[in-house]
Amino acid sequence: MTRGAPRSRRVSAGDRLEGTVIAVHGRHYLVGPDDSAPMLQCFPRGKKSDVAVGDRVHYEQSSADQGVIVEIGERRNLLYRSDQFKSKLFAANLDQLLIVLATEPHFNEDLLGRALIAAEAHGLESLIVLNKIDMERALPLARERLAPYRALGYTVIELSAKMAPGDVHLQLDARLKDRSTILLGQSGMGKSTLVNLLVPDADAATREISSALNSGRHTTTFTRLYELPEGGSLIDSPGFQEFGLHHLSEGQLERAFANFRPYLRQCRFYNCHHLHEPGCAVLEAVEAGKIRRERHALYAQLVHEASQIVR
Ligand SMILES: Nc1nc2c(ncn2[C@@H]2O[C@H](COP(=O)(O)OP(=O)(O)O)[C@@H](O)[C@H]2O)c(=O)[nH]1
Ligand SMILES: [Mg+2]
Ligand SMILES: [Zn+2]
0 MTRGAPRSRR VSAGDRLEGT VIAVHGRHYL VGPDDSAPML QCFPRGKKSD
50 VAVGDRVHYE QSSADQGVIV EIGERRNLLY RSDQFKSKLF AANLDQLLIV
100 LATEPHFNED LLGRALIAAE AHGLESLIVL NKIDMERALP LARERLAPYR
150 ALGYTVIELS AKMAPGDVHL QLDARLKDRS TILLGQSGMG KSTLVNLLVP
200 DADAATREIS SALNSGRHTT TFTRLYELPE GGSLIDSPGF QEFGLHHLSE
250 GQLERAFANF RPYLRQCRFY NCHHLHEPGC AVLEAVEAGK IRRERHALYA
300 QLVHEASQIV R
């Protein structure tokens with residue numbers, strides 16, 4: 000649903016209003032009020048800007064076209080990535096992660112692995128979409144690369160957003176309804192094509208958001224939330240190259256690798272790191288072919304990153 004053109008509304012300065020953060024661009028936040036009043040550009044109080052799209056906020060109107068966020072409501076979860084020095088917020092209050100991959104260009108499996116671990120660690124469900132299945136020559140390899148993820152229990156939905164748009168609705172509408180879903184994917188995978196199918200007025204909404212944020216041309220450089228016609232919301236984020244998870248502790252990491260769980264209690268040492276320890280049940284499962292080597296390598300890499308964080 001696009002929010003209507005600005006309508007007049009009587010708000011006295013200092014009134015406390017409630018809404019949801021619809022878009023973020025730098026320190027500019029666009030807040031959609033709970034009633035059907037127009038969106039308002041807001042700034043966080045103070046210097047720190049740790050507000051995310053999807054956050055419930057209390058805010059006050061400070062002038063005709065600006066507001067101040069005075070409080071962030073309690074979050075169910077917050078998805079973010081981090082490197083050694085800083086973190087970058089994706090969104091808050093999510094139900095699921097929809098990872099968009101394509102047969103072509105070749106998708107980056109490291110990013111896929113990291114996105115799935117981030118979702119597990121933050122308590123979100125994951126759905127994997129393989130788009131562009133009309134590119135028949137590239138399809139068998141893409142399927143082969145995704146087979147291990149299906150074997151881990153992840154749902155892989157095959158689509159052709161361009162050639163079979165009707166299937167997109169058949170396969171996704173019910174899974175998105177009344178839930179908050181964030182789309183993640185490298186550029187070129189078909190995210191915008193999917194958003195435009197799922198959110199019929201996405202272009203208009205995007206224009207409205209970018210003009211309200213005064214970000215004009217930068218239409219895809221900010222994270223934004225769309226309301227779905229049947230209920231629920233879809234959050235689109237700019238493409239990214241790195242998905243650092245330096246903030247996850249070793250304990251969070253070992254539990255986020257779902258297929259490690261049956262082995263975690265069976266290691267010889269209770270504080271086993273599952274890296275080189277003798278009698279490690281996880282390493283034995285790798286040797287026995289029950290856990291893929293690539294999966295364990297990702298675990299080892301993430302543990303290494305977690306140890307690098309500058310706190
Ligand atoms: N062959 C094919 N091309 C697609 C499909 N979906 C999207 N594309 C094309 O892939 C390119 C990238 O799509 P876009 O939605 O902009 O990807 P984004 O960068 O992830 O937002 C565009 O040229 C689309 O027309 C599909 O299902 N099949
Ligand atoms: Mg795009
Ligand atoms: Zn172990």
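For the sequence shown, position 112 matches number 111 in numbering that gives the first Met the number 0, and the numbering has no gaps at all. Beta carbons: idealized from backbone N, C-alpha and C, even for Gly. This structure is a prediction, so every number in the text was calculated from the model and none was measured.
Closer than 6 Å: residue i CB and nearest ligand 1 heavy atom
{"i": "Ser186", "result": "yes"}
{"i": "Asp133", "result": "yes"}
{"i": "Lys176", "result": "no"}
{"i": "Ser159", "result": "yes"}
{"i": "Asn130", "result": "yes"}
Ligand 2 heavy atom lying under 6 Å from the CB of residue i
{"i": "Ser191", "result": "yes"}
Best match in the options for proximity to residue i [C-alpha to C-alpha]
{"i": "Gly250", "options": "Asn270, Asn258 and Pro261", "result": "Asn270"}
{"i": "Ala299", "options": "Glu276, Gly122 and His168", "result": "Glu276"}
{"i": "Leu140", "options": "Phe106, Ala160, Ala118 and Leu158", "result": "Phe106"}
{"i": "Leu155", "options": "Pro164, Gln170, Lys161 and Gly165", "result": "According to the sequence as given, residue 155 is Val; it is not Leu. Answer by Cα proximity: Gln170."}
{"i": "Leu100", "options": "Lys87, Ala137 and Phe89", "result": "Ala137"}
{"i": "Ala90", "options": "Glu108, Ser232, Leu301 and Cys41", "result": "Ser232"}
{"i": "Leu126", "options": "Asp235, Ile181 and Glu143", "result": "Ile181"}
{"i": "His24", "options": "Thr222, Ala118, Ala257 and Phe256", "result": "Thr222"}
{"i": "His27", "options": "Lys87, Ala203 and Ser209", "result": "Ser209"}
{"i": "Glu70", "options": "Ala51, Pro37 and Ser306", "result": "Ala51"}
{"i": "Gly122", "options": "Gln265, Pro164, Leu77 and Ala287", "result": "Leu77"}
{"i": "Asp75", "options": "Ile68, Ala120, Leu282 and Phe256", "result": "Checking the sequence shown, residue 75 turns out to be Arg, not Asp. Closest option to Arg75, Cα to Cα, is Ala120."}
{"i": "Phe239", "options": "Gly45, Leu183 and Cys41", "result": "Leu183"}
{"i": "Ala333", "options": "Leu193, Arg294, Leu145 and Phe42", "result": "For the chain, the structure presents residues 0 to 310; residue 333 sits outside this window and is missing."}
{"i": "Glu226", "options": "Ala211, Leu212, Ala203 and His272", "result": "Ala203"}
{"i": "His295", "options": "Glu229, Arg206, Val281 and Ser35", "result": "Val281"}
{"i": "Ser306", "options": "Pro43, Ser179, Ser81 and Asp200", "result": "Ser81"}
{"i": "Pro261", "options": "Ile290, Gly31 and Asp34", "result": "Ile290"}
{"i": "Thr205", "options": "Gly278, Met38, Glu73 and Glu59", "result": "Met38"}
{"i": "Glu17", "options": "Glu59, Phe84 and Pro43", "result": "Glu59"}
{"i": "Leu196", "options": "Val167, Gln185 and Glu283", "result": "Val167"}
{"i": "His272", "options": "Gly288, Glu293 and Leu301", "result": "Leu301"}
{"i": "Ser48", "options": "Ser35, Gly288, Arg267 and Lys87", "result": "Lys87"}
{"i": "Asp34", "options": "Phe42, Pro43, Thr19 and Gln40", "result": "Thr19"}
{"i": "Glu229", "options": "Thr220, Val198, Asn258 and Pro237", "result": "Val198"}
{"i": "Glu124", "options": "His303, Asp235, Ile68 and Ser179", "result": "Ser179"}
{"i": "Glu103", "options": "Cys41, Leu158 and Gly72", "result": "Leu158"}
{"i": "Leu297", "options": "Pro32, Phe259, Arg264 and Ile21", "result": "Phe259"}
{"i": "Ala201", "options": "Cys41, Ile234 and Gln185", "result": "Ile234"}
Span of the alpha helix (DSSP H), counted from its first residue to its last, around residue i
{"i": "Tyr313", "result": "Outside the displayed span of the chain (0 to 310) sits residue 313, for which this structure offers no information."}
{"i": "Val194", "result": "Lys190 to Leu197"}
{"i": "His295", "result": "Arg292 to Ala305"}
{"i": "Glu286", "result": "Ala280 to Glu286"}
{"i": "Ser209", "result": "Ala201 to Ala211"}
{"i": "Glu249", "result": "Glu249 to Ala255"}
{"i": "Leu123", "result": "From DSSP, Leu123 is part of no alpha helix (DSSP H); its letter is neither H nor E."}
{"i": "Leu171", "result": "Pro164 to Leu175"}
{"i": "Leu182", "result": "No alpha helix (DSSP H) holds Leu182; the beta strand (DSSP E) holding it covers Ser179 to Leu183."}
{"i": "Pro261", "result": "Arg260 to Leu263"}
Residue i CB to nearest heavy atom of ligand 3 below 6 Å
{"i": "Cys266", "result": "yes"}
{"i": "Cys319", "result": "Nothing can be reported for residue 319, as the shown portion of the chain is limited to 0 through 310."}
{"i": "Val281", "result": "yes"}
{"i": "His121", "result": "no"}
{"i": "His273", "result": "yes"}
Span of the beta strand (DSSP E) around residue i
{"i": "Arg15", "result": "Arg15 to His24"}
{"i": "Glu143", "result": "Unbroken run through Glu143 is the alpha helix (DSSP H), Leu138 to Ala150; no beta strand (DSSP E)."}
{"i": "Asp235", "result": "Ser232 to Asp235"}
{"i": "Leu158", "result": "Careful: Leu158 lies outside any beta strand (DSSP E) and carries neither H nor E."}
- [ ] Evaluate the contact criterion for the region 123-130 versus the region 187-196: three or more CB pairs, one atom per stretch, below 8 Å.
- [x] yes
Open item on the list: Please give the ranges of any alpha helix (DSSP H) in the region 29-79, keeping only runs that are unbroken, at least 4 residues long and fully inside the region.
Closed with: none
Task: Inter-stretch contact at 8 Å, needing at least 3 Cβ pairs: the region 53-67 / the region 150-166 - done: no
- [ ] Say whether the region 101-118 touches the region 233-251, bearing in mind that this needs 3 or more beta-carbon pairs closer than 8 Å, one atom from each stretch.
- [x] yes
TODO: Would you check if the region 48-57 and the region 249-266 touch, i.e. whether three or more CB-CB distances between them fall below 8 Å?
DONE: no
Open item on the list: Assess contact between the region 83-103 and the region 171-188, defined as three or more Cβ pairs (one per stretch) separated by less than 8 Å. Is contact present?
Closed with: yes
- [ ] Entirely within the region 76-115 and at least 3 residues each: give me those beta strand (DSSP E) ranges in chain order.
- [x] 77-81, 86-91 and 95-101
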